[in-house]
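Student: Quick one: this structure, given as structure tokens, is what I'll be asking you about.
2 protein chains.
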Amino acid sequence: MITRMSSLFLRTLREDPADAEVPSHRLLVRAGYVRRVAPGGYSWLPLGLRVLRNIEAVVREEMAAIGGQEIQFPALLPREPYEATGRWTEYGDSLFRLKDRKGADYLLGPTHEELFALTVKGEYSSYKDYPVVLYQIQTKYRDEARPRAGILRGREFVMKDSYSFDLDDDGLAKSYQLHREAYIKIFDRLGLDYVIVAATSGAMGGSASEEFLAVAPTGEDTYVRSTESDYAANVEAVTTPAPPAQPIEGKPEAQVHHTPNTPTIETLVDFLNSADLGRTFTAADTLKNVIVKVRQPRTEDWEILGIGIPGDREVDLKRLEASLEPLEVSLLEEADFAANPFLVKGYIGPKALQDNGVRYLVDPQVVTGTAWVTGADKLDHHVVDLVAGRDFTPDGTIEAAEVREGDASPDGKGTLVAARGIEIGHIFQLGRKYADAFGLDALGADAKPIRITMGSYGVGVSRLVAVIAEQHHDDLGLVWPRAVAPADVHVVIAGKDEAVFAGGEKLAAELDAAGVRVFLDDRKATPGVKFADAELIGVPTILVVGRGLANGVVEVKDRASGNREEIPVDQVVAHLTDLVGR
Amino acid sequence: MITRMSSLFLRTLREDPADAEVPSHRLLVRAGYVRRVAPGGYSWLPLGLRVLRNIEAVVREEMAAIGGQEIQFPALLPREPYEATGRWTEYGDSLFRLKDRKGADYLLGPTHEELFALTVKGEYSSYKDYPVVLYQIQTKYRDEARPRAGILRGREFVMKDSYSFDLDDDGLAKSYQLHREAYIKIFDRLGLDYVIVAATSGAMGGSASEEFLAVAPTGEDTYVRSTESDYAANVEAVTTPAPPAQPIEGKPEAQVHHTPNTPTIETLVDFLNSADLGRTFTAADTLKNVIVKVRQPRTEDWEILGIGIPGDREVDLKRLEASLEPLEVSLLEEADFAANPFLVKGYIGPKALQDNGVRYLVDPQVVTGTAWVTGADKLDHHVVDLVAGRDFTPDGTIEAAEVREGDASPDGKGTLVAARGIEIGHIFQLGRKYADAFGLDALGADAKPIRITMGSYGVGVSRLVAVIAEQHHDDLGLVWPRAVAPADVHVVIAGKDEAVFAGGEKLAAELDAAGVRVFLDDRKATPGVKFADAELIGVPTILVVGRGLANGVVEVKDRASGNREEIPVDQVVAHLTDLVGR
């Protein structure tokens, strides 16, 4: 069916919307694909809905290809299953909660692990039933603190979430790999430039986890990649290469120095270098001790934790939190210092921590035999040449220090550079958390129960509309890849005389009959207005029917390259049918 | 792609679910189409989702055929637009309301009139833009007091809601007619037995309104139809034919009688017939006066209203409320009687009402010249021969009396009989209520604003899965019409030997290649189990590949009729391809 611009529910805008921060938001609104209804809530106008559906179709095909079976859950869910896994509370303010007329608690589903696990438990019982992969393409809800960038980060959005159910870890690894390959196919078909980055598995307790990030300077996610290898990772997932341990023997003894007014690393280094100690110190020679408090989720009691990192780096709170998950992390308050007088602000050292039973974790660079300048647990005093493994013994290591461009890549090849991206997919070996919560077992061949292991895999379907726009646009407007474009050919009738109109109508009808999805600009507008709208809307091929028609030619313009070609009117249907692959 | 029963996420149940009241619920659960997640919340398993999608596709095609353009709104909506139209309050407990993290009020959309009106206002400005028909197929939410019958009445469900926007009443009538015809096509294609009944336009203030009801003895909606014409109507929409007015002259004078202990119609009639008044009375000769109180929605003050209906009928509260919409209606409390001492319980007559300024509406049968026995506004007293138009003058008529089987059909042809149905569609001339609320105007050719008039049209898409099942099943299971069936052919491999399996696989592959949607029961189960599942699941055509294969024949069974036919194996693919119309 031909889509006529004269009746299409569409008004393009000349001005950028006031709240648009990123190109995709600006263009999707200007070109009439989406409209804002509420913070983080958008309506899909006809063009936007077509692109969304095209993306869904690609996702469905690739999910079916790996044996995924589509089902669909309600979005309005009872509290109980989420209470059983703790997520009712853990989600905090990000969960939309409500009560029904009887006062029962409900939520709007952010993801559906609980429901999938319960449903498989309800239907399946024997080991012969497994493995199974189920998925849904569904509207999800998260009460984002800062919904932004149009449909890039909404509060109501469409996700494909799938879940694999396997009898053992090998099975899970295989299901994970199948999804990884399916995601590569999906994002390739959608014409995306993306990287696959190692991610932390976090609270879920799973083993493997990777994110698919679309490369975008406007992206919210920072990741690092190696200058000389394929290595890429979320900053939270970067591991710090540990240097080899050094011999302790022969190291100078630790000495406490009076270092007045040196509560910061900078003042300390300046003091040391002016103190005539026979060598030069840098911030990297100092060991900075940061104290936080942690607790198990939904418990009362905090425990104090010491973190030691080289003084030339800051603590990256996100990395720290990711390392400590599922523990809650908080900074100390004055009351905490008052209650623990051994914590001498600005001069905290490993000794007081360990003497007072405080768990102490250090950066992986703090290996046995390394010597450090650090606090002496006394106002205006530091200790020099405190040697790890001799003068103090950490309780373990932790990834808490910031990652910097130029750091060595964890795979040993090249150094790290930072880049920004937008998360478009996430694959994740969940493990048995949800199976444990609900007792999801299969009866084995030996009649013994086998605890099922799960994988969880998400694609941000509605977000992809914006991500593709983010990567495929120019100054004039959107430039859709053919796989998701709202139409194949945008026929512009450029001229007012009847013959041109009739010619445009005839070509549009012939293209439509040939299975080509056609936009026909049959409005009584100037060619200038029509061209501008065609460029803005971004259908990959523009067919201009204008004055040339009298000479038997029409113009085919490639939206992306801007290339124009005159084609004899009697060949253009075959030419375009071939071009668009119908 | 062949759907294999060996890996399909499906477990059929032998037992009916405990909470299933109606056949569709029972069978959709037993055959593994849906599963209950919460009261009124169901998940769609693979088979159910396919049927749902097939129905959606039919709806989409017919909406596109009348020029409907698909868009999609969020389900999570801000309070303000619904506040503007009063529906935030009017929906009462049926609306799911919630707050976001900032405390702002939201609702889960029950229907989207407000959003559609606002969106058209946002995009369109000129009279040249109109008419337009927009629709969505979307998940909706209503906090039903009694969710029941599985997906027949859920709290989360899928609806197609469309809205027409026209410049004038003629345009609206045309848009309405287009929808009416589209709905007939949709429900015919879905194989439904349904009636179109006149409905009340209610609070919306529109003029025309019709409901499509699927005929079903289990239906919640009662309607009446004529024994001798096409007339059908919701009970609320039935109009009472008024008899011709009678001459007043010559009627006996009204006389008050002492009628002790006659507070009910029955005791009154008995008394009159034993009182030697020279004639026989029936309940139909009496005029019963029922007093209610009414008020404008969201206001404080009640007004008393008198309703006079023939004493042989009860007041039908639903009809009364529909007649009085949008007013709120309540029965009187003791305090009301105390405050209005002229209301003598059991003996209320028109006189006291009119003397005290109480509005008084009567049944359309109470025409000028009719004489009635009614209350004399005094304990134990009634008045006989009180003549309408002489002794009292009602303020108007009202449809409040119950409708009974045997009543004359309002179209003058035959009498009414009652029947039950399930609402599957509703078409409705909304008029200007929403355009007024939001100032939705088009700029006319004369530069003057034209207030837009709207129509609203709904199809209960997810409910249709149940309604079709309700009309298409037998003792063995579901019997899907081909247009919505989850597959075209269910291939049952009936036998364990390899040749039979290989034969079944080969035929399934050939059918699949020919574009036929195939279920293949390749499980290692007994033929009995497989047959029972095939009957329960209800694919229209069952192909049995069994012992006959050795003799070159297979069996084709029609699920609906039970007819079996042996077909040579080398002809069966052509036979089935032809049969299913692929």
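Residue numbers (this note's numbering), protein chains in the order written: chain H, 22 to 603; chain U, 22 to 603. In this text, a Cβ means the ideal position worked out from N, Cα and C, and glycines have one as well.
1) How about residue 323(U): is its C-beta nearer than 8 Å to some C-beta of chain H?
2) For residue 65(U), would you say it is in contact with chain H, using Cβ-to-Cβ distances shorter than 8 Å as the test?
3) Taking Cβ-Cβ distances shorter than 7 Å, what residues in chain U pair up with residue 160(H)?
4) What is the DSSP secondary structure of residue 161(H), counted as helix, strand or coil?
5) Measure the C-alpha to C-alpha separation of residue 78(U) and residue 85(U) and round it to an integer number of angstroms.
6) For residue 84(U), does the three-state DSSP call read helix, strand or coil?
7) Where does residue 170(H) sit, in a helix, a strand or coil, going by DSSP?
8) Going straight from the alpha carbon of residue 100(H) to that of residue 57(U), what length do you get?
9) Buried or exposed: where does residue 352(H) fall if 16 or more other Cβ atoms within 10 Å of its Cβ makes it buried?
10) Spatial neighbours of residue 24(U) within its chain, please: CB distance less than 6 Å, with the 5 preceding and 5 following residues excluded, ordered by chain position.
11) What in chain U is Cβ-close to residue 164(H), meaning under 8 Å?
12) If I measure Cβ to Cβ from residue 514(H) and keep anything under 7 Å in the same chain, skipping five residues before and after, which residues do I get?
13) Show which residues of chain U have a CB atom less than 7 Å away from the CB atom of residue 140(H).
14) Under 6 Å Cβ to Cβ from residue 576(U), same chain only, skipping five residues before and after it: list those, please.
15) If I measure Cβ to Cβ from residue 223(U) and keep anything under 7 Å in the same chain, skipping five residues before and after, which residues do I get?
16) Check residue 331(H) in the structure and name its three-state DSSP category.
17) Count the other C-beta atoms from every protein chain shown that fall within 10 angstroms of the C-beta of residue 251(U), then say buried if there are 16 or more, exposed otherwise.
18) With a cut-off of 8 Å, does the C-beta of residue 47(U) fall near any C-beta of chain H?
19) Could you tell me which whole beta strand (DSSP E) segments of length 3 or greater appear in the segment 435 to 488 of chain U?
20) Measuring only between beta-carbons, confirm whether residue 92(H) sits less than 8 Å from chain U.
21) At least one CB of chain H closer than 8 Å to the CB of residue 515(U): is that the case?
22) For residue 410(U), collect the residues of the same chain with a Cβ closer than 7 Å to its Cβ; drop the 5 residues on either side in sequence, then sort them by chain order.
23) Give, in chain order, every residue of the segment 332 to 346 of chain H whose Cβ lies closer than 9 Å to some Cβ of chain B.
24) Only counting the same chain, and skipping five residues up and downstream in sequence, which positions put a Cβ closer than 7 Å to that of residue 334(U)?
25) Should residue 41(H) and residue 50(H) be called a contact, given that it needs their Cβ atoms to be closer than 8 Å?
26) Residues in its own chain within less than 6 Å of residue 36(U) by CB, not counting five upstream and five downstream?
27) Taking the C-alpha atoms as reference points, what is the distance between residue 225(H) and residue 325(H)?
28) Counting contacts by CB-CB distance shorter than 8 Å, is residue 22(U) in contact with chain H?
29) Determine, using beta carbons only, whether residue 559(U) comes closer than 8 Å to chain H.
30) Please determine, among 219(U), 433(U), 215(U), the residue with the shortest C-alpha to C-alpha distance to residue 491(U).
31) Taking Cβ-Cβ distances shorter than 8 Å, what residues in chain H pair up with residue 176(U)?
32) Quick check: is the beta carbon of residue 114(H) nearer than 8 Å to any beta carbon in chain U?
33) When you compare only the Cα positions, how much space is there between residue 503(U) and residue 580(U)?
34) Enumerate in chain order the residues of its own chain whose CB-to-CB distance from residue 494(U) is below 6 Å, with the five nearest sequence positions on each side excluded.
35) Under three-state DSSP, which class holds residue 286(U)?
36) What residues are listed by DSSP as bridge partners for residue 23(H)?
Tutor: To lay it out plainly:
1) Closer than 8 Å: no.
2) yes
3) Contact of residue 160(H) with chain U by beta-carbon distance below 7 Å involves 96, 160.
4) Three-state DSSP puts residue 161(H) in a strand.
5) For residue 78(U) and residue 85(U), the distance between alpha carbons rounds to 10 Å.
6) Residue 84(U) falls in the helix class under three-state DSSP.
7) DSSP, reduced to helix, strand and coil, places residue 170(H) outside both helices and strands of the structure shown, so it counts as coil.
8) 15 Å
9) exposed
10) Cβ contact annotation for residue 24(U) (same chain, cutoff 6 Å, sequence separation greater than five): 540, in chain order.
11) 121, 122
12) Counting only Cβ-Cβ distances below 7 Å, and skipping sequence neighbours, we find 521, 522, 525, 542, 543, 566.
13) 56, 64
14) 565, 585, 587
15) Residue placement at residue 223(U) is poorly supported in this model, since its pLDDT is 49, which falls under 50; the coordinates still yield a value, given next. 343, 346.
16) strand
17) exposed
18) no
19) 437 to 452, 462 to 464, 470 to 472, 474 to 480
20) yes
21) no
22) 269, 389, 390
23) This model lacks chain B altogether; the protein chains it does include are H and U.
24) 422, 423
25) yes
26) none
27) Any reading at residue 225(H) must be qualified, since the residue scores a pLDDT of 43, below 50, and its modelled position is unreliable; the value itself is stated next. Cα to Cα, the separation comes out at about 24 Å.
28) yes
29) no
30) 215(U)
31) 97, 121
32) yes
33) 11 Å
34) 44, 48, 500
35) Helix at residue 286(U).
36) In the DSSP output, where bridge partners are listed per residue, residue 23(H) has none listed.
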